[in-house]
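Colleague:
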Amino acid sequence: MSKNRSDHHPSRQMANSTVKRSSLSPSSRVHQRPVSSHRSSTRSMTSSNTSHSRVPRSIQIEPGLQALLTAEAQAAEMIANARAKRRELLRRAQHESQAELDAFRQERAFQYTVKLHEATQLEQFQSKLDADRQTLLAQMKETMRKERKSLIHYIVHRVIDDIPIQPHPNAKRVTLNSRK
């Protein structure tokens, strides 16, 4: 009984667990569960009757724990696959959106060049109209300068001579012979 009490001491429990962990290889540690010091002490007493070595035996995993570990591994694999699919979908979506963006930019650049061409044609047309207008105004000013007197005479005679002068219907008739 004294042996069992000493095994429950915290320092001995830690020593027992470190010995057991270090004695197992990394691959065998994965498939084994940690064993409490109480179980190891009872096993060590029973195993001392059959075997004289103090090396702990490997403990087989119970079927329920094995199924749990298998399910956990499958879940981890499914999560890894889902993350890989998500990364692939994001990469594909990024490539597609970049292609759409490039196509949109090209379309806008084409529209810009068309508008620029139209604007330059409009500016060229406007500048041609301005030049023609300036030329015509210069010709008209030159003609007016040369023929100013005859033009004034023509306008005055057209206005005065061609319009018959009639008195207004409400005006009084004035005669020049009324002084007699």
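Numbering-wise, the sequence shown is residues 1 to 180 according to the UniProt record's numbering. Just so you know, even glycine gets a beta-carbon here, dropped at the ideal spot from N, CA and C.
#1: Output the distance between the C-alpha atoms of residue 104 and residue 121, rounded to the nearest integer angstrom.
#2: Please report the distance separating the alpha-carbon of residue 85 from that of residue 94.
#3: Quick one: give me the first and last residue of the alpha helix (DSSP H) that residue 109 is part of.
#4: Rounding to the nearest angstrom, what Cα-Cα distance links residue 117 and residue 130 in this structure?
#5: With DSSP as the reference, label residue 158 as helix, strand or coil.
#6: Return yes when the Cβ of residue 164 is within less than 9 Å of the Cβ of residue 173, no when it is not.
#7: Would you grab the beta carbon distance between residue 144 and residue 151 for me? Rounded to a whole angstrom, and I think it's under 8 Å.
#8: What three-state label does DSSP hand residue 152 in the structure shown?
Modeller: Reading off the structure:
#1: Cα to Cα, the separation comes out at about 26 Å.
#2: C-alpha of residue 85 to C-alpha of residue 94: approximately 14 Å in a straight line.
#3: Note, residue 109: alpha helix (DSSP H), 63-146.
#4: Going by the C-alpha atoms only, they are around 20 Å apart.
#5: In the three-state reduction of the DSSP assignment, residue 158 falls in the helix class.
#6: Not closer than 9 Å, so no.
#7: With a Cβ gap of about 7 Å, residue 144 and residue 151 count as contacting.
#8: Helix.
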